[in-house]
DNA sequence: CCGAGCCACTTTGCATGCAATTAGTCCCGT
DNA sequence: ACGGGACTAATTGCATGCAAAGTGGCTCGG
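Chains as they are written, first to last, in this note's numbering: chain A, 65 to 296; chain B, 65 to 296.
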């Protein structure tokens with residue numbers, strides 16, 4: 065018995081909705097972000113087709129979509145490789161992300177529902193309850209973090225903002241993991257999240273915007289520092 | 065002689081490099097933005113394949129890319145249609161665009177080269193030299209406008225910003241054309257462009273940012289007003 | 001020993017065939 | 001006459017074949 069279907073959501077098994085290309089896109093995106101394919105690795109269509117149980121056509125389509133997300137680089141007639149992120153890329157990416165997420169927080173402040181606020185609280189609570197730095201814990205923290213940011217962006221109710229964020233939201237987990245392994249940064253991040261929730265609950269758009277911008281830019285600076293320390 | 069090639073760069077004509085899918089993508093994007101395919105029109109792969117002299121495969125790939133740009137909507141097994149923009153969409157889109165282009169202007173202020181400044185001046189001069197409101201003039205004005213904004217974004221030298229803008233930059237010309245048909249709005253827009261260039265030349269990042277934001281938000285408000293007048 | 005050129009294998013990109021699904025139409029029953 | 005259901009035609013989505021371009025290795029010459 066094979067277990068490749070573990071990478072799919074249960075929903076997509078019980079309800080095989082959507083095209084094959086979309087599934088390959090989702091799964092491959094997850095695999096890249098999850099670090100299964102390291103940056104620079106070549107992505108050959110035939111190997112991926114075999115892995116996902118389809119032909120090369122949907123794989124090719126998925127790769128083009130991933131190129132649009134900035135996760136993959138395709139050179140005509142030369143193939144696709146997982147995009148590598150250098151320090152400059154990350155700074156650029158985080159600054160754009162800071163702008164967009166700050167705007168999302170601003171817009172969310174006046175639209176967010178009690179349910180969404182409760183979901184944000186729950187995400188913070190779950191993150192707070194976790195302690196230690198096992199691999200499993202780091203994974204859960206990252207998932208919780210993504211959920212938090214996802215709720216804020218969704219509350220902004222701006223399709224274009226969501227779409228624009230897609231182009232900067234995809235960063236391999238390998239990079240982000242350093243946040244959640246460092247307990248100091250983890251605590252700072254959690255405090256920032258609490259602050260953002262409080263701002264949103266108060267309906268204070270500008271405060272929420274500033275809090276989110278601070279949060280993302282803090283993450284940027286920490287990431288830069290870590291990269292400099294590692295490369296020097 | 066036709067002038068559809070105005071939407072392409074000269075380079076892509078003289079050097080037919082790249083895959084077939086990319087050409088279809090560029091051409092089809094130009095055709096949609098140019099208004100050749102009205103919103104809501106179904107895009108059948110076979111017809112497009114015949115038009116572009118390829119098979120259905122590259123057309124299909126181009127359609128998926130255009131969906132990523134928000135110009136096309138694809139429903140699985142039901143086909144692709146040119147996306148329709150309602151008033152809410154346009155407001156959303158212009159607000160995100162205002163944020164991103166303002167940031168681009170901010171970043172450009174400290175990086176822009178004399179050559180780029182000269183190119184901006186030239187674009188303004190060309191727009192100013194044009195008068196009247198013939199169809200040809202409107203086309204040229206829109207092309208000049210796009211060139212102006214393109215130079216500013218390029219001067220920001222932020223790949224992620226450029227990428228994020230792609231998702232909000234594609235608006236069918238039919239909508240934008242109203243700016244340039246109204247000579248009042250045209251003059252205001254031109255004055256705003258001059259102001260932006262002056263800010264950039266002065267190296268004043270915040271001023272450039274504000275000027276650009278004002279420019280885009282002014283366009284947004286004018287567009288909203290026009291749409292309300294037309295629909296009421 | 002090293003480099004340039006050539007050849008074979010690999011891989012991509014496009015075209016086309018085929019099955020599955022949907023839209024449209026017509027017929028039939030009520 | 002009108003609504004429902006089945007059939008047909010059209011269209012999508014996927015698989016695969018094939019040609020072209022690229023990559024790597026090998027040989028041969030310097």
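Virtual Cβ for every residue (Gly too), placed ideally from N, Cα, C.
Just so it is clear, the structure is predicted and the values come from calculations on it, not from any experiment.
Subject >> Spatial distance of residue 214 of chain A from residue 190 of chain B (CA atoms) >> reply: On the first chain, position 150 is the one that residue 214 of chain A refers to. On the second chain, position 126 is the one that residue 190 of chain B refers to. In a straight line, the C-alpha of residue 214 of chain A is about 45 Å away from that of residue 190 of chain B.
Original post:
Does DSSP put residue 225 of chain A in a helix, a strand or coil?
Top reply: As a position in the first chain, residue 225 of chain A is number 161, starting the count at 1. Looking at residue 225 of chain A - three-state DSSP - the assignment turns out to be helix.
Original post:
DSSP puts residue 113 of chain B in a beta bridge; with which residues?
Top reply: As a working mapping, residue 113 of chain B is identified with position 49 in the second chain. Paired residues: none, contrary to the question.
Original post:
If you run the structure through DSSP and keep just helix, strand and coil, what is residue 291 of chain B?
Top reply: If you number the second chain from 1, residue 291 of chain B lands on position 227. The DSSP-derived three-state label of residue 291 of chain B is helix.
Original post:
Who are the neighbours of residue 225 of chain B on chain A, taking C-beta pairs under 7 Å?
Top reply: Your numbering for residue 225 of chain B matches position 161 in the second chain. What residue 225 of chain B touches in chain A: 160.
Original post:
With DSSP run on the structure shown, which of helix, strand or coil describes residue 143 of chain A?
Top reply: Position 79 of the first chain, counting from 1, holds the residue named residue 143 of chain A. Of the three classes helix, strand and coil, the one that applies to residue 143 of chain A here is strand, per DSSP.
Original post:
Would residue 148 of chain A count as contacting chain B if we go by Cβ distances under 7 Å?
Top reply: Here residue 148 of chain A is taken as the residue at index 84 of the first chain, counted from 1. No, its Cβ sits nowhere closer than 7 Å to a Cβ of chain B.
Original post:
In chain B, which residues lie with their C-beta within 8 Å of the C-beta of residue 285 of chain A?
Top reply: Translated into the one-based positions of the first chain, residue 285 of chain A becomes position 221. Result: empty, since nearest Cβ-Cβ is about 17 Å, beyond 8 Å.
Original post:
What are the boundary residues of the alpha helix (DSSP H) that residue 190 of chain B is part of?
Top reply: The residue given as residue 190 of chain B occupies position 126 in the second chain. Residue 190 of chain B -> alpha helix (DSSP H) spans 178 to 193.
Original post:
Between the region 121 to 134 of chain A and the region 108 to 126 of chain B, are three or more C-beta pairs nearer than 8 Å?
Top reply: Taking a contact to require three or more Cβ pairs closer than 8 Å, the region 121 to 134 of chain A and the region 108 to 126 of chain B qualify as touching.
Original post:
Tell me the DSSP bridge mates of residue 107 of chain A?
Top reply: For the purposes of this step, residue 107 of chain A is taken as the residue at position 43 of the first chain. Answer is A/144.
Subject >> Residues that residue 140 of chain A contacts on chain B, provided the C-beta gap is smaller than 9 Å >> reply: On the first chain, position 76 is the one that residue 140 of chain A refers to. The contacting residues are 81, 82, 83 and 86.
Subject >> Within-7 Å CB hit, residue 125 of chain A to chain B >> reply: Numbered from 1 along the first chain, position 61 holds the residue referred to as residue 125 of chain A. Interface residue, yes.
Original post:
Does the beta-carbon of residue 65 of chain B have 16 or more other beta-carbons within 10 angstroms, so that it is buried, or is it exposed?
Top reply: Along the second chain, read from residue 1 onward, the residue named residue 65 of chain B stands at position 1. Confidence in residue 65 of chain B is poor, its pLDDT being 42 and thus under 50, which makes the residue's placement unreliable; the coordinate value appears in the next sentence. Under this definition residue 65 of chain B is an exposed residue.
Original post:
In whole angstroms, what is the alpha-carbon distance linking residue 79 of chain A and residue 119 of chain A?
Top reply: For the purposes of this step, residue 79 of chain A is taken as the residue at position 15 of the first chain. For the purposes of this step, residue 119 of chain A is taken as the residue at position 55 of the first chain. Confidence in residue 79 of chain A is poor, its pLDDT being 45 and thus under 50, which makes the residue's placement unreliable; the coordinate value appears in the next sentence. Approximately 21 Å between the Cα atoms of the pair.
Original post:
Of all Cβ atoms in chain A, is any one closer than 7 Å to the Cβ of residue 104 of chain B?
Top reply: As a position in the second chain, residue 104 of chain B is number 40, starting the count at 1. Judged by the 7 Å Cβ criterion, residue 104 of chain B is not in contact with chain A.
**OP:** Please decide whether residue 288 of chain B counts as near chain A, where near means a Cβ-Cβ distance under 7 Å.
**Re:** For the purposes of this step, residue 288 of chain B is taken as residue 224 along the second chain, with counting starting at 1. Chain A contact via Cβ: absent.
Original post:
Do residue 219 of chain B and residue 166 of chain B have their C-beta atoms within less than 7 Å of each other?
Top reply: Position 155 of the second chain, counted from the start, is the residue given in the question as residue 219 of chain B. Position 102 of the second chain, counted from the start, is the residue given in the question as residue 166 of chain B. Result no, Cβ atoms of residue 219 of chain B and residue 166 of chain B do not sit closer than 7 Å.
Original post:
Can you tell me the Cα-Cα spacing of residue 73 of chain B and residue 203 of chain B, whole angstroms?
Top reply: Numbered from its first residue, the second chain carries residue 73 of chain B at position 9. Numbered from its first residue, the second chain carries residue 203 of chain B at position 139. Here residue 73 of chain B scores only 35 on pLDDT, less than 50, and its place in the model should not be relied on; the value that follows carries that caveat. Whole-angstrom Cα-Cα distance: 16 Å.
Subject >> Proximity of residue 140 of chain A and residue 94 of chain B at Cβ, strictly below 7 Å >> reply: As a working note, residue 140 of chain A is residue 76 in the first chain. As a working note, residue 94 of chain B is residue 30 in the second chain. No.
**OP:** Within its chain, find whatever has a CB closer than 6 Å to the CB of residue 288 of chain A; leave out the 5 residues flanking it on each side and keep chain order.
**Re:** Taking the first chain and counting its residues from 1, one reaches residue 288 of chain A at position 224. Around residue 288 of chain A: no qualifying Cβ.
Subject >> Contact list for residue 294 of chain A against chain B, beta-carbon separation under 8 Å >> reply: For the purposes of this step, residue 294 of chain A is taken as the residue at position 230 of the first chain. Residues of chain B passing the Cβ test: none, with the nearest at roughly 22 Å.
**OP:** From the DSSP output, in three-state form, read off residue 249 of chain A for me.
**Re:** Residue 249 of chain A sits at position 185 when you count from the first residue of the first chain. Helix.
Subject >> CB contact check: residue 117 of chain B to chain A, cutoff 7 Å >> reply: The sequence position of residue 117 of chain B within the second chain is 53, counting from 1. Output row for residue 117 of chain B: interface = no.
**OP:** Would you mind reading off the limits of the alpha helix (DSSP H) that contains residue 170 of chain A?
**Re:** Position 106 of the first chain holds residue 170 of chain A. Counting along the chain, the alpha helix (DSSP H) containing residue 170 of chain A begins and ends at 151 to 173.
Original post:
Would you say residue 128 of chain B faces chain A, with C-beta separation under 7 Å as the test?
Top reply: By 1-based counting over the second chain, the position of residue 128 of chain B is 64. Yes, because at least one Cβ of chain A sits closer than 7 Å to the Cβ of residue 128 of chain B.
Subject >> Separation of residue 158 of chain B from residue 101 of chain B, as counted between CA atoms >> reply: Position 37 of the second chain holds residue 101 of chain B. Position 94 of the second chain holds residue 158 of chain B. Residue 101 of chain B and residue 158 of chain B: Cα-Cα distance of roughly 22 Å.
Subject >> Of the residues A/256, A/209, A/294 and A/143, the one placed nearest residue 237 of chain A, counting alpha carbons only >> reply: Taking the first chain and counting its residues from 1, the one referred to as residue 237 of chain A is at position 173. Among A/256, A/209, A/294 and A/143, the Cα nearest to that of residue 237 of chain A is on A/209.
**OP:** Alpha carbon to alpha carbon, how far is residue 156 of chain B from residue 281 of chain B? Give it in angstroms, no decimals.
**Re:** Residue 281 of chain B sits at position 217 when you count from the first residue of the second chain. Residue 156 of chain B sits at position 92 when you count from the first residue of the second chain. Taking the straight line from one Cα to the other gives about 11 Å.
Subject >> Inter-stretch contact (C-beta, 8 Å, three-pair minimum) for the region 135 to 154 of chain A and the region 103 to 121 of chain A >> reply: yes
Original post:
So residue 91 of chain B packs on residue 231 of chain B, CB below 8 Å; how close in whole Å?
Top reply: Start at 1 with the first residue of the second chain, and residue 91 of chain B comes out as number 27. Start at 1 with the first residue of the second chain, and residue 231 of chain B comes out as number 167. Their Cβ separation, rounded to whole angstroms, is 20 Å, which puts residue 91 of chain B and residue 231 of chain B out of contact at 8 Å.
Original post:
Pick from A/255, A/235, A/254 and A/275: whose alpha carbon is nearest that of residue 263 of chain A?
Top reply: Looking up residue 263 of chain A in the first chain gives position 199. The candidate whose alpha carbon is nearest that of residue 263 of chain A is A/275.
Subject >> Of the listed residues A/88, A/151, A/185 and A/253, nearest to residue 111 of chain A (C-alpha basis) >> reply: Here residue 111 of chain A refers to the residue found at position 47 of the first chain. Comparing Cα-Cα distances from residue 111 of chain A to each of A/88, A/151, A/185 and A/253, the minimum goes to A/88.
Subject >> Amino acids of chain A, ordered along the chain, whose beta-carbon sits closer than 9 Å to that of residue 234 of chain B >> reply: Position 170 of the second chain, counted from the start, is the residue given in the question as residue 234 of chain B. Those within 9 Å of residue 234 of chain B in chain A number zero; the least Cβ separation is about 11 Å.
**OP:** Find the residues of chain A that neighbour residue 132 of chain B, judging by a C-beta separation of less than 7 Å, and give them in chain order.
**Re:** Here residue 132 of chain B is taken as the residue at index 68 of the second chain, counted from 1. 129 and 132, listed in chain order.
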